[in-house]
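**Q** Shown below is the structure under consideration.
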Amino acid sequence: MKSATQDKRVFTEQETSHYIGMSRSFLRQSRMEGLRKNRTQAPPFIKIGRAVRYLKEDLDQWLDSHRKMHQLPHEGGAHV
0 MKSATQDKRV
10 FTEQETSHYI
20 GMSRSFLRQS
30 RMEGLRKNRT
40 QAPPFIKIGR
50 AVRYLKEDLD
60 QWLDSHRKMH
70 QLPHEGGAHV
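The numbering of the sequence shown is numbering that gives the first Met the number 0, which starts it at 0 and goes up by one.
Pasting the structure below:
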């Protein structure tokens, strides 16, 4: 069964936080700071008056852009 969030096109900050698995403080901080070295860039957002909203398709693209194609190096040797 789909949740109400999956059917929406525009998410609030709280819904976005839940959808991408990041904290609301990450969203706020990354929005205000913009692109900074060694920091994860905020997902694209829109402002409607004072309200901040996120488009689902932008969030999906943002998540896809952070996908890793290879495993991270394993520490301590290989397991059999």
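Cβ atoms here follow ideal geometry from the backbone N, Cα and C, with glycine treated the same way.
1. Can you tell me which of S29, I47 and Y53 puts its alpha carbon nearest to the alpha carbon of Q13?
2. Within 10 angstroms of its Cβ, does T39 collect 16 or more other Cβ (buried), or is it exposed?
3. Could you give the distance in angstroms between the alpha-carbon of D6 and the alpha-carbon of V51?
4. Could you check how far apart the C-beta atoms of D63 and P42 are, in whole angstroms? I think they sit under 8 Å.
5. Taking only three categories from DSSP, how would you classify F10?
6. Along the chain, which unbroken stretches of the alpha helix (DSSP H) at least 4 residues long are found entirely within the segment 19-51?
7. Our contact map puts R23 next to K55 with C-beta atoms below 8 Å; I'd like the distance itself, whole angstroms only.
**A** Inspection of the coordinates gives the following:
1. Y53
2. exposed
3. 19 Å
4. Their Cβ separation, rounded to whole angstroms, is 11 Å, which puts D63 and P42 out of contact at 8 Å.
5. strand
6. 23-32
7. Incorrect: roughly 17 Å between the Cβ atoms, too far for contact.
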